[in-house]
Amino acid sequence: MGVIINIMQMSIQTINVSNNNLVAKAIGEKDNNRVKLMTGNAIIMTILVSMITILIVVMIEPVLPTLFKVDSICIIYLNLRLIGFIQSSIVTVLSGYQRTIGKQKDILNLRVLAVILNLILDLVVVQLDYGIKGVASVTVLIDTVLAIYLLMKSNNYIKYQFIKSYFLEIVTLFKWNFVERIASRVDHFIFNLIVARMGNLEYAVHVILIQIADMYQAFIQGFGDGITISVGIASGKNKKESMVNVKKVAKKLIQIGELIFPIIVFIIAIIVMRISLRERILQNIFYKVLPLLILEAYITMSATFYFSILRGMRDFKFLAKRNLISSLIKIVVAIILAYTPLGILGVWIAYLFYAIVQKYLSKNRYYEFFDELKKQENCT
Numbered sequence: 072m073g074v075i076i077n078i079m080q081m082s083i084q085t086i087n088v089s090n091n092n093l094v095a096k097a098i099g100e101k102d103n104n105r106v107k108l109m110t111g112n113a114i115i116m117t118i119l120v121s122m123i124t125i126l127i128v129v130m131i132e133p134v135l136p137t138l139f140k141v142d143s144i145c146i147i148y149l150n151l152r153l154i155g156f157i158q159s160s161i162v163t164v165l166s167g168y169q170r171t172i173g174k175q176k177d178i179l180n181l182r183v184l185a186v187i188l189n190l191i192l193d194l195v196v197v198q199l200d201y202g203i204k205g206v207a208s209v210t211v212l213i214d215t216v217l218a219i220y221l222l223m224k225s226n227n228y229i230k231y232q233f234i235k236s237y238f239l240e241i242v243t244l245f246k247w248n249f250v251e252r253i254a255s256r257v258d259h260f261i262f263n264l265i266v267a268r269m270g271n272l273e274y275a276v277h278v279i280l281i282q283i284a285d286m287y288q289a290f291i292q293g294f295g296d297g298i299t300i301s302v303g304i305a306s307g308k309n310k311k312e313s314m315v316n317v318k319k320v321a322k323k324l325i326q327i328g329e330l331i332f333p334i335i336v337f338i339i340a341i342i343v344m345r346i347s348l349r350e351r352i353l354q355n356i357f358y359k360v361l362p363l364l365i366l367e368a369y370i371t372m373s374a375t376f377y378f379s380i381l382r383g384m385r386d387f388k389f390l391a392k393r394n395l396i397s398s399l400i401k402i403v404v405a406i407i408l409a410y411t412p413l414g415i416l417g418v419w420i421a422y423l424f425y426a427i428v429q430k431y432l433s434k435n436r437y438y439e440f441f442d443e444l445k446k447q448e449n450c451t
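Position 107 (the sequence shown) corresponds to 178 in our numbering; numbering is contiguous.
So, in structure tokens, the structure goes:
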């Protein structure tokens, strides 16, 4: 059901990214009133989209156990998580907003505290034999507490007043960002179905690998968000030297990350494998796929420079087209290779191929984008 929750979160992450870009530009323009109103309208949109998403999931959830070949208890877990979805959505948008206005340290501390509490309470409810119901309830409880805290913390920085023009600005970015994200979530969904039908052993390993990938991709996304926010602020200032400086710093950070990040991912992967996959046969499957996971992490980190800057310049239309193309290629490659002797290796080769295509397309667009800007400046 983690796959379904990720798909649900996609629309909220889309609002979050769209709002962060617009807020960063407003900060660069030193328009504090616009900053407050923009986020207020983003929260209004978040609540509306969350309610629609919950209704859609409730309608389709009866087919999920059969689709994924899992126990019907998954529906109990999903329904409990739905209770906290609006709260979780508010946390996502307000956390992003707080980071954009310079409160990164506060949000980091809050997230670390939430993770620790979640782990401790999960252990408690499992020991008390509440099982999956207890684990889901803990997540809902923590999301609710975080939502209340962030609403109170952000109260002085936000105006909850519907402004049609601001709302439509968010919607304009949202539609392309949504297409970008839905493409990657759909192929994630399809890959889970493919591997689920390979057998329990392959699927058990795949789930752990996906969890590791989600973890490092969340880190890369946070890393990239910092670059995106800086680029958005620089674009609001409309000063060439500001943009040049941001790009230089971002390039250096990415170069350092390319060297260190794959090593960290490798260490984390081995630790997670030792804890989660104790049977030798599962470990053997894991070791076969691990090199592909590390390579994918390296390429994604190196490509983040281009992703983040294009997103900061609000080139969402290109990013949407890029994801549609690369996701289609990824699905085709996975379907072909999965039904060869490669099996699960074929699926993860498709992941690697996807990362390479994304980097290539984004790099080309990056140079095209700034060449166009130079031509416009010369004409002016």
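C-beta atoms are modelled at their ideal positions from N, C-alpha and C, and glycine is treated no differently. All values reported here derive from a predicted model rather than from experimental measurement.
Secondary structure of residue i, DSSP reduced to three states
i      : result
Val141 : coil
Ile229 : coil
Glu273 : helix
Asn309 : coil
Asp386 : coil
Asp102 : coil
Pro412 : coil
Ile78  : helix
Gly155 : coil
Gly173 : coil
Arg436 : helix
Arg268 : coil
Leu348 : coil
Met72  : coil
Ile304 : helix
Ile234 : coil
Beta-carbon proximity list for residue i, same chain, < 7 Å, skipping 5 on both sides
i      : result
Ile234 : Leu108, Asn112
Ile144 : Ile203
Asn159 : Correcting the residue identity first, residue 159 is Ser in this sequence and not Asn. Cβ neighbours of Ser159 beyond the five flanking positions: Asp214.
Asp258 : Ser398, Lys401, Ile402
Asn103 : none
Ile352 : Leu272
Ala185 : Ile213, Leu217
Tyr228 : Lys107, Ile172
Beta-carbon separation (whole angstroms), residue i vs residue j, contact threshold 8 Å
i      : j      : result
Tyr168 : Thr117 : The Cβ separation is near 11 Å, so there is no contact.
Ile279 : Val343 : 6 Å
Asn189 : Val209 : 6 Å
Ala421 : Leu408 : 6 Å
Ile327 : Asn90  : Not really, about 29 Å apart at Cβ, beyond 8 Å.
Leu244 : Asn92  : 6 Å
Val302 : Gly383 : 3 Å
Straight-line Cα distance separating residue j from residue i
i      : j      : result
Thr371 : Asn87  : 21 Å
Phe332 : Ile339 : 11 Å
Asp142 : Gln288 : 29 Å
Pro362 : Lys230 : 49 Å
Ile356 : Val276 : 7 Å
Leu222 : Leu165 : 8 Å
Ile123 : Met79  : 10 Å
Met314 : Lys174 : 22 Å
Ala426 : Ile304 : 28 Å
Lys224 : Ala95  : 19 Å
Terminal residues of the alpha helix (DSSP H) in which residue i lies
i      : result
Asp200 : Taken as a continuous stretch (DSSP letters only), Asp200 belongs to no alpha helix (DSSP H), as it is neither H nor E.
Pro362 : 351-383
Cut-off 6 Å between Cβ atoms - residues of its own chain near residue i, not counting five sequence neighbours on either side
i      : result
Ile298 : Ala321, Ser379
Thr163 : Ile83, Asn87
Ile157 : Ser121
Ala207 : Tyr148, Leu151, Arg152
Ala391 : Trp247, Val250, Glu251
Sequence-distant residues of the same chain with beta carbon closer than 8 Å to residue i, five excluded per side
i      : result
Asp386 : Arg436, Phe440
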